[in-house]
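Below is one structure, written out as structure tokens; the observations come after it.
Protein chains in written order, with the UniProt record's numbering: chain P, 1 to 392; chain Z, 1 to 392.
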């Protein structure tokens, strides 16, 4: 167990780690070159700015990737802690440097919690920032068992979900899932620069969401991209090829040449569909919609206008919100009844079916076939519905 | 005033318009080739599936951009309505087609509400979808005053904010703010396809936000991009040039050639900073943070760990949440007091300052200089703070 912790770098991530540990009774020592950052973290209750009298159990280096090996070497020379981990978003380069020059590389294990916020700095810190988030550890060939175990203890203190990868595999993947997407968002955002004020009228929520990551601190992100430059270049090269193909299709469509139209349209739709398929293949976030959806309840609705709105309200009151509702089916045309399907976990489906039936709704149950339409999301593929059956 | 409305196309947007109008007492007639979509909208209370007995005041064509002129021609031939508008995301091509072949182009005005959702279809519809959202009208050289005024009435019924643009200017802008960003997000998302399941471990919220727009219906978006292909190609060409420059810098950094490092790093940071600057220049969304922030309140915090957390809780209780707090300043080092600045509208700043002072906090007020640090967000640049002054 960890009784004493040092956090070097009291920004968003470091202070959040400190807050989580302090709440669990760990004595936390805060270090940062920025006096305001340390003072803020201390006044937030994240720990003390006083240095420890003896080596702490674990030190968390919450510094940019290019600084990890230097800070580790410096703190190991001072004897800050018995073991060390970091939280940088790039792992292979820092690991190489640690192996090359840290005094005791066995006492270090690389780490990367998959959590962050649009805002930076200690004031944005939250003790629950890592709750249910993946936290990757990347032990080197020299990492000792005690150093690894203390990092696992820290992840448990913070409520994170531990995962283990090799540093190179980590970096190849985050180039694809984080670093290149960040740069693409920056390219899109930067194109807005210097445009007339009227442009902002046509900036909707989609653009804001798509470019939110590009708001990250420029210096930190320069450091991250530089430290992972080879992997990032490889993803950007592939994206450049894809963009060239896309541009060919869009230019052809713009030229309105009927000879190329079918092919260009197919290429464009194909790209859009590959994007959708890749996103739908991602597991839902832990607390997101349909995370546990493996059963369904079909309700037949007829009668007055407004009847469907009443059903949706009732179901939402029983915990089946809008995200559990699939596209409706009208098996007998626009004047016939409508079948509404709720998709949720088997136990919840059971409860919902009972509640709706008691409330007088026409609820279809059983192990039969789906309600009459192919489901575009494929949630049901290859699984046995616990509740099914189309009424009528 | 609009007493009777027809909605052609009961998807997300059409049904939302219908719901908003029906709630305001308008008689709404719903038309769609998809029986389930019409029945769903009707059962939601969006109107009736019965056709109108005589021409309605206004018909809203909620169909893909390439269908607008055909559907308008067909419905004008049938005498569905006295005037018409549409809601498509591309305006110049449809306008050209309407002028070329609609029976009565004077009775039509193009429209584009800047609202949407990740989900599609009538079940995702909401009567408040357009509340406080910009709704652009693009009158053609033939649009009559009555047709324009009826579209304005519809926007008012839906709670939208009317704006007027020429169709060509609209399309040039949305290529930049919507269509090209969508395609870039699709490119990024599609790169994930076929990767190992472990990849998903490293997909965080940033990636999900950045690619959310790419989940839009592939056929609808193919239609949108094709209808605006020339403008989209122009933006994509510029992005390709930007990407090539970025790739040069990242490859140089990857090669670790010290001769190019300074320049490459500067190019990379420059891109990131241009992206941030463009995003910060956008006005905050209507209900977003700091929308009305033109004044500040400085509070000096000292004493026990946890004191700052208590201040933030107190301020949040008075309506000054985390988004109103700027980066703290420690003017006298890590052992001295900390100055916390709240940024909000003048009237709110005044109230907050009074409330915090009454609660015993050390509140600085006045018209003096900022609290001691340059604000990275530039919110204050060129404006006179109504409340300011650094204590101590």
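A virtual CB, placed ideally from N, CA and C, is assigned to each residue, including glycine.
Under the three-state DSSP convention, the category residue i falls into
i, result
"residue 57 of chain P", "strand"
"residue 48 of chain P", "strand"
"residue 62 of chain P", "coil"
"residue 135 of chain Z", "strand"
"residue 339 of chain Z", "strand"
"residue 332 of chain Z", "coil"
"residue 288 of chain Z", "Bear in mind that a pLDDT of 38 at residue 288 of chain Z, under 50, signals an unreliable position, so the number given afterwards is only what the model happens to contain. Correct three-state label for residue 288 of chain Z: coil."
"residue 362 of chain P", "strand"
"residue 324 of chain P", "helix"
"residue 6 of chain Z", "strand"
"residue 188 of chain Z", "helix"
"residue 283 of chain P", "coil"
"residue 211 of chain P", "helix"
"residue 110 of chain P", "strand"
"residue 294 of chain P", "coil"
"residue 242 of chain Z", "helix"
"residue 82 of chain P", "strand"
"residue 163 of chain P", "strand"
"residue 30 of chain P", "strand"
"residue 344 of chain P", "strand"
"residue 300 of chain P", "strand"
"residue 470 of chain Z", "Residue coverage of chain Z in this structure runs from 1 to 392, which leaves residue 470 of chain Z outside it and unanswerable."
Spatial distance of residue i from residue j (CA atoms)
i, j, result
"residue 312 of chain Z", "residue 35 of chain Z", "54 Å"
"residue 149 of chain Z", "residue 83 of chain Z", "10 Å"
"residue 234 of chain Z", "residue 182 of chain Z", "15 Å"
"residue 195 of chain Z", "residue 176 of chain P", "10 Å"
"residue 138 of chain P", "residue 109 of chain P", "6 Å"
"residue 361 of chain Z", "residue 124 of chain P", "21 Å"
"residue 184 of chain Z", "residue 264 of chain P", "17 Å"
"residue 30 of chain Z", "residue 306 of chain P", "14 Å"
"residue 142 of chain Z", "residue 99 of chain Z", "8 Å"
"residue 308 of chain P", "residue 186 of chain Z", "34 Å"
"residue 351 of chain Z", "residue 297 of chain Z", "10 Å"
"residue 90 of chain P", "residue 171 of chain P", "6 Å"
"residue 338 of chain P", "residue 218 of chain Z", "26 Å"
"residue 379 of chain Z", "residue 22 of chain Z", "Here residue 379 of chain Z scores only 31 on pLDDT, less than 50, and its place in the model should not be relied on; the value that follows carries that caveat. Their Cα atoms are separated by approximately 42 Å."
"residue 188 of chain Z", "residue 88 of chain Z", "26 Å"
"residue 353 of chain Z", "residue 323 of chain Z", "17 Å"
"residue 396 of chain P", "residue 213 of chain P", "The shown model of chain P, from 1 to 392, leaves out residue 396 of chain P, and the question about it has no answer."
"residue 241 of chain P", "residue 271 of chain P", "13 Å"
"residue 50 of chain Z", "residue 320 of chain P", "31 Å"
"residue 127 of chain P", "residue 79 of chain P", "27 Å"
Rounded distance between the beta-carbons of residue j and residue i, thought under 8 Å
i, j, result
"residue 464 of chain P", "residue 5 of chain P", "Missing from the structure shown is residue 464 of chain P; chain P here goes from 1 to 392 and no further."
"residue 107 of chain P", "residue 136 of chain P", "Residue 107 of chain P to residue 136 of chain P, Cβ: 19 Å. No contact."
"residue 97 of chain P", "residue 69 of chain P", "3 Å"
"residue 103 of chain P", "residue 73 of chain P", "6 Å"
"residue 130 of chain P", "residue 20 of chain P", "7 Å"
"residue 92 of chain Z", "residue 147 of chain Z", "Not confirmed; about 18 Å, so no contact."
"residue 418 of chain P", "residue 173 of chain Z", "Nothing about residue 418 of chain P can be read from this structure; chain P reaches only from 1 to 392."
"residue 60 of chain Z", "residue 154 of chain Z", "7 Å"
"residue 33 of chain Z", "residue 121 of chain Z", "Going by Cβ atoms, the distance from residue 33 of chain Z to residue 121 of chain Z rounds to 14 Å, so no, they are not a contact pair."
"residue 294 of chain Z", "residue 364 of chain Z", "That pair is no contact at about 17 Å."
heavy atom of the ligand MN below 7 Å from residue i C-beta
i, result
"residue 308 of chain Z", "Questions concerning the ligand MN fall outside what the structure shown contains, since it holds no ligand whatsoever."
Original post:
Any residues in the stretch 187 to 203 of chain P with a beta carbon nearer than 9 Å to a beta carbon of chain Z? Which ones, in chain order?
Top reply: Correct list: 187, 188, 189, 190, 191, 192, 193, 194, 195, 196, 197, 198, 199, 200, 201, 202 and 203.
Original post:
Touching or not, the stretch 212 to 226 of chain P and the stretch 313 to 323 of chain Z, by the rule of three or more beta carbon pairs under 8 Å?
Top reply: The stretch 212 to 226 of chain P and the stretch 313 to 323 of chain Z do not touch, with fewer than 3 CB-CB distances between them shorter than 8 Å.
**OP:** Identify each residue in the stretch 206 to 217 of chain Z for which the Cβ-Cβ distance to at least one residue of chain P is less than 9 Å, and report them in chain order.
**Re:** Those residues of the stretch 206 to 217 of chain Z that come within reach of chain P (Cβ to Cβ, closer than 9 Å) are 206, 207, 208, 209, 210, 211, 212, 213, 214, 215, 216 and 217.
**OP:** Determine contact between the stretch 268 to 288 of chain P and the stretch 6 to 17 of chain Z, defined as no fewer than three beta-carbon pairs at a distance below 8 Å.
**Re:** Touching, no, given that fewer than three Cβ pairs across the two stretches are closer than 8 Å.
**OP:** Report yes or no: do the stretch 128 to 142 of chain Z and the stretch 155 to 172 of chain Z share at least 3 C-beta pairs separated by less than 8 Å?
**Re:** In short, these stretches touch, since the Cβ pair count reaches three.
Original post:
Can you list, in chain order, the residues of the stretch 245 to 276 of chain P whose Cβ is nearer than 7 Å to any Cβ on chain Z?
Top reply: Across the stretch 245 to 276 of chain P, CB contacts with chain Z closer than 7 Å involve 246, 247, 250, 251, 253, 254, 265, 268, 269, 271, 272, 273, 274, 275 and 276, in sequence order along the chain.
Original post:
Residues in the stretch 146 to 177 of chain Z with C-beta within 8 Å of chain P's C-beta atoms, listed in sequence order?
Top reply: Listed by position along the chain: 163, 165, 169, 170, 173, 174, 176 and 177.
Subject >> Touching by the beta-carbon criterion (3+ pairs, under 8 Å), the stretch 344 to 360 of chain Z and the stretch 39 to 54 of chain P >> reply: Result no; under three Cβ-Cβ pairs closer than 8 Å.
Subject >> Members of the stretch 333 to 352 of chain Z near chain P, C-beta cut-off 9 Å >> reply: Cβ contacts with chain P: 333, 334, 335, 336, 337, 338, 339 and 340.
Subject >> Inter-stretch contact (C-beta, 8 Å, three-pair minimum) for the stretch 239 to 257 of chain P and the stretch 196 to 209 of chain Z >> reply: Contact between the stretch 239 to 257 of chain P and the stretch 196 to 209 of chain Z is absent, because fewer than three Cβ pairs lie under 8 Å.
Subject >> Cβ-based contacts, 8 Å cut-off: residues of the stretch 88 to 108 of chain Z near chain P >> reply: Going along the stretch 88 to 108 of chain Z in chain order, one finds no residue with a Cβ nearer than 8 Å to chain P.
Original post:
If you measure beta-carbon to beta-carbon, which residues of the stretch 224 to 241 of chain P are closer than 8 Å to chain Z?
Top reply: Against chain Z - using a Cβ distance shorter than 8 Å - the residues of the stretch 224 to 241 of chain P are 225, 226, 229, 230, 232, 233, 235, 236, 237, 238, 239 and 240.
**OP:** Check distances from the C-beta atoms of the stretch 297 to 313 of chain P to those of chain Z and list, in chain order, the residues that come in under 7 Å.
**Re:** From the stretch 297 to 313 of chain P, only 301, 305, 306, 307, 308 and 309 have a Cβ closer than 7 Å to chain Z.
Subject >> Interface positions of the stretch 10 to 29 of chain Z facing chain P (Cβ-Cβ less than 8 Å), listed along the chain >> reply: Along the stretch 10 to 29 of chain Z, there is no position whose C-beta sits under 8 Å from a C-beta of chain P.
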